[in-house]
Amino acid sequence: MVADGETSNIDVSLISQFSVNRLNTFARAIEAWSGPISVAIYLTQSTDIDHLTRYFEDQDNLQTYSRVTITLVKPSYLDSAHLAYPINHLRNIAITESLTDYVFVIDADFTPINYLYNFLRTRLLPFIEYGAGNIPETAWVVPCFAIREDFGHLPMPQSYDELRQLVGRNIAYITDPGAGHGPTLAAEVAMDRPLLHGNPLAYEVCFESQWEPYYVLHRSAPLYDARFKNQGGDKQSHALHLNAERYRFMVLREVFMIHKDHSTLVWPGGGFEKSQKAATNWNYFDGFMKEIESLYGASARWPRGCSAEAIGWQDQRRDVLGLAAGAV
22 MVADGETSNI DVSLISQFSV NRLNTFARAI EAWSGPISVA IYLTQSTDID HLTRYFEDQD
82 NLQTYSRVTI TLVKPSYLDS AHLAYPINHL RNIAITESLT DYVFVIDADF TPINYLYNFL
142 RTRLLPFIEY GAGNIPETAW VVPCFAIRED FGHLPMPQSY DELRQLVGRN IAYITDPGAG
202 HGPTLAAEVA MDRPLLHGNP LAYEVCFESQ WEPYYVLHRS APLYDARFKN QGGDKQSHAL
262 HLNAERYRFM VLREVFMIHK DHSTLVWPGG GFEKSQKAAT NWNYFDGFMK EIESLYGASA
322 RWPRGCSAEA IGWQDQRRDV LGLAAGAV
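First residue of the sequence shown? That's 22 in my numbering, and the numbers climb one at a time after it.
And the structure:
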């Protein structure tokens, strides 16, 4: 209950980060999400502010972003350090600047199904609040699919039935179906066995050490490790941290988000390629995982929060390499 005069923040914000060349791409997510949004935009080059100004001189663009909380991050351009894209630092900024109790962190090139926000507000959040004190700390995973580049002209599927048809025709597929998103079991369970274990809202899966799901969390959850820059380990490390803290992972049914395949992003000045080769890059397996094990014990890479009813790796019929990668 909220006392008279107090404001409830029992809501969920869409969170993302990107550089100016993703403004149009993220506009699709804005149009699909009717709730609060917080983003951090990284000015990779000194001229990016001019690009941003020109973009918002267009009234349609200005209107699209009018309800988005935008934080601009301008690095020093005196050396090449700014070319290392501070992906997790940007995520943390966008989370911190949001005003809601729950956050849903995505990458800019994903578009949520257009009823996702309403689903979260009317079904998930009431369920969480009703069970407050009885539900363990949980990451509520949203399955993600990709549309093949040759079919990018097709409209976004607006239901699981439409998505099933696209998957059946090999037009849509699970994003990174191996270790990255395979553990979500979206095709095996969410699409084919909707009443498995009898829970119509979500099904539980066990953590795997190279998993990088997208999920809804309470804002009190650990932030992302800002030492990760560019791509590689940035989301995996966060999921590992949640597992070490004994979070459950529940995959939401009926909802999903879509990524449309596109050509590889070319970074200004070749920044991504240059910084990826830096010898000082913070590493997931040799750095972060060992640090987590020193803090939480050697079992931190193994499922810690999943219950006896969860779909464990034995039932997932998955290669244990995804679980044991980095094991001594």
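The beta carbon of each residue, even a glycine, is placed where N, CA and C say it ideally should be.
#### Entry: Contact belief for Leu-73 with Val-41 at Cβ below 8 Å, rounded distance in angstroms
5 Å
#### Entry: Closest by C-alpha distance to Thr-85, when choosing among Ile-70, Leu-146, Ala-50, Lys-311
Ala-50
### Message
As a quick exercise: from Leu-44, Glu-118, Asn-251, pick the residue whose alpha carbon is nearest that of Arg-240.
### Response
Glu-118
### Message
Are the CB atoms of Asn-264 and Ile-108 within a distance shorter than 8 Å?
### Response
no
### Message
Among the candidates Gly-199, Pro-204, Ser-230, Ala-242, whose CA atom is the shortest distance from the CA of Tyr-224?
### Response
Pro-204
### Run of the beta strand (DSSP E) containing Val-226, from where it starts to where it stops
223 to 226
### Task
Would you mind giving the Cβ-Cβ distance between Phe-10 and Pro-164, rounded to the nearest angstrom? I have them listed as a contact below 8 Å.
Here the chain covers residues 22 to 349 and nothing more, so residue 10 does not appear.
### Query
Just curious, the alpha helix (DSSP H) that Leu-187 is in, first and last residue?
181 to 189
### Task
Would you tell me roughly how many angstroms separate the C-alpha atoms of Tyr-151 and Ser-34, rounded to the nearest one?
20 Å
### Message
In whole angstroms, give me the CA-to-CA distance for Gln-297 and Ala-105.
### Response
In this prediction, Gln-297 has a pLDDT of 45, which is less than 50 and means its spatial position is unreliable; nothing more can be read from the coordinates.
### Query
Under 7 Å from any heavy atom of the ligand SAH, does the C-beta of Pro-157 make it?
In the structure on display, the ligand SAH does not appear, and there are no ligands present to speak of.
### Message
When you compare the CB positions of Val-126 and Ile-36, do they come within less than 8 Å of one another, or not?
### Response
yes
### Query
Is the distance from the Cβ of Met-15 to the Cβ of Phe-131 below 8 Å?
There is simply no residue 15 to check, as the chain begins at 22 and stops at 349 in what is shown.
### Task
Have a look at Leu-111 and Ala-153 and give me their C-alpha separation to the nearest angstrom.
30 Å
### Task
Please classify Lys-95: is it buried, with 16 or more other beta-carbons within 10 angstroms of its beta-carbon, or exposed?
exposed
### Query
Around the Cβ of Phe-39, are there at least 16 other Cβ atoms within 10 angstroms (buried) or fewer (exposed)?
buried
### Pro-133, DSSP secondary structure in three states
strand
### Task
Just the C-alpha distance for Ala-260 and Trp-161, rounded to the nearest angstrom, thanks.
12 Å
### Query
What is the DSSP secondary structure of Leu-238, reduced to helix, strand or coil?
strand
#### Entry: Enclosing alpha helix (DSSP H) for His-262 [first to last residue]
257 to 265
#### Entry: Supposed close pair Ala-61, Ala-102 - CB separation, criterion 8 Å
About 18 Å; that fails the 8 Å criterion.
### Query
Can you list, in chain order, the residues of its chain whose CB lies under 6 Å from that of Pro-221, leaving out five sequence neighbours each side?
none
### Query
Taking Met-271 as the reference, which of Ala-247, Val-226, Ala-242, Glu-312 has the closest Cα?
Val-226
### Query
For Ala-24, does the count of other Cβ atoms within 10 angstroms reach 16, so buried, or fall short, so exposed?
Low confidence applies to Ala-24: its pLDDT is 40, below 50, so where it sits in the model is not reliable enough to give any reading.
### Query
Does the Cβ of Ile-58 have 16 or more other Cβ atoms within 10 Å, making it buried, or fewer, making it exposed?
buried
#### Entry: Whole-angstrom distance between Arg-267 and Ile-156, CA atom to CA atom
12 Å
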